[in-house]
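The structure appears below as structure tokens.
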Amino acid sequence: MIGEEQLYHLIFYEYGTPVFGSEKGMRYRVARNPLENVFFNKAADKNDNATLDATVWKGPYGYQATKEEKFTRSFPFSEEGKRELTDWLNEQYEAHKAEWVQDNLI
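Counted from 1, the sequence shown has number -5 at position 13 by my numbering; the numbering is strictly sequential.
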């Protein structure tokens, strides 16, 4: 099960760096959209139009190298959005569990 602590704090995503992870054959990527470094931007509205995007795909290959189909969903760039994103990742794992585990090479 993927926990919120595995996805870091929202401030991390303001640096324009995605988080990659895996859960027993399911790979995932979480990133701020747009993917840019806004950490040093002190404007109060810097995240108003931003989203947290989660992408899942079947392993064993990484995000850039995989030829498998990827599924992406956007969530609000907020703590609540991060909780929804975490729930969605776990739902995706459970919904396709047999598929993820079937070819789990790692």
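Heads up, the beta-carbon is just placed ideally off N, CA and C, and yes, glycines get one too.
Going by C-alpha positions, Gln74 is about 12 Å away from Gly7.
A residue is called buried when at least 16 other Cβ atoms come within 10 angstroms of its Cβ; Lys40 meets this threshold and is buried. Rounded to whole angstroms, the Cβ separation of Arg11 and Gly(-2) is 14 Å, and the two are not in contact under 8 Å. For secondary structure counted as the beta strand (DSSP E) over 3 or more consecutive residues, the segment 12 to 86 holds these complete runs in sequence order: 33 to 40, 53 to 58.
Burial is judged here by how many other beta carbons sit within 10 angstroms of a residue's own beta carbon; Ala25 has fewer than 16 and is exposed.
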